[in-house]
Amino acid sequence: MIDLTFFPRHPILRIVATAWLLASIVMLLATLLRPEIGLNDRTALSGLVPLYFLSLPLGHLGLLALGKLKLELYVTSQFVPSMFSEGLMLWAVLTVLGYLQWFVLLPWVSRKCRSLAEFLSKRYL
Numbered sequence: 489m490i491d492l493t494f495f496p497r498h499p500i501l502r503i504v505a506t507a508w509l510l511a512s513i514v515m516l517l518a519t520l521l522r523p524e525i526g527l528n529d530r531t532a533l534s535g536l537v538p539l540y541f542l543s544l545p546l547g548h549l550g551l552l553a554l555g556k557l558k559l560e561l562y563v564t565s566q567f568v569p570s571m572f573s574e575g576l577m578l579w580a581v582l583t584v585l586g587y588l589q590w591f592v593l594l595p596w597v598s599r600k601c602r603s604l605a606e607f608l609s610k611r612y613l
């Protein structure tokens, strides 16, 4: 049975997850409040670069998927998203993937590795 939890069990991890989410919200606000976003200038998205690094490696996969989606939208319908909508999409993908990676998948894999190590140590003792 898969016992994934979306909220960390350990109190320290809850604090870290809350700080991580607050940092991502601050980065979103910093990006949206830049004057370049109204001018459709790509430098407006530079406020999300720290979030990209906080969400590596899954965030990079999300960034690649967004690039493919953007290209497909442009090729099929000549649609070019504004910097505002692109920034919101980018922020959402990086935040969700980063949170899932660090606070859902990594603890789950850690618990499974620990239970496997306990099983193997009892088996060979």
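Each residue of the sequence shown is one higher than the one before, starting from 489 at the first, in this note's numbering. Just so it is clear, CB atoms sit at the ideal spot from N, CA and C, and this is done for glycine as well. Predicted, not measured: the structure shown is a model, and the values here were computed from it.
Residue i and residue j closer than 9 Å at C-beta
i: Leu517; j: Leu582; result: no
i: Gly586; j: Leu542; result: yes
i: Pro569; j: Thr493; result: no
Alpha-carbon spacing of residue i relative to residue j, whole angstroms
i: Val597; j: Leu533; result: 33 Å
i: Ile503; j: Glu524; result: 33 Å
i: Ser565; j: Ser609; result: 59 Å
i: Phe495; j: Leu593; result: 11 Å
i: His548; j: Val537; result: 11 Å
i: Phe567; j: Asp491; result: 41 Å
i: Arg497; j: Arg602; result: 16 Å
i: Val584; j: Ile500; result: 20 Å
Residues of its chain near residue i, where Cβ-Cβ distance is below 7 Å and the 5 sequence neighbours each way are ignored
i: Leu554; result: Met577, Leu578 and Val581
Three-state class that DSSP yields for residue i in the structure shown
i: Thr519; result: helix
Distance cut-off 8 Å: residue i Cβ against heavy atoms of the ligand FMN
i: Arg502; result: Ligands are entirely absent from the displayed structure, and the ligand FMN is therefore not among its contents.
Contacting residues, own chain, Cβ-Cβ under 6 Å from residue i (five flanking each side not counted)
i: Gly575; result: Thr519 and Leu533
Sequence-distant residues of its chain with Cβ nearer than 8 Å to residue i (five each side left out)
i: Leu552; result: none
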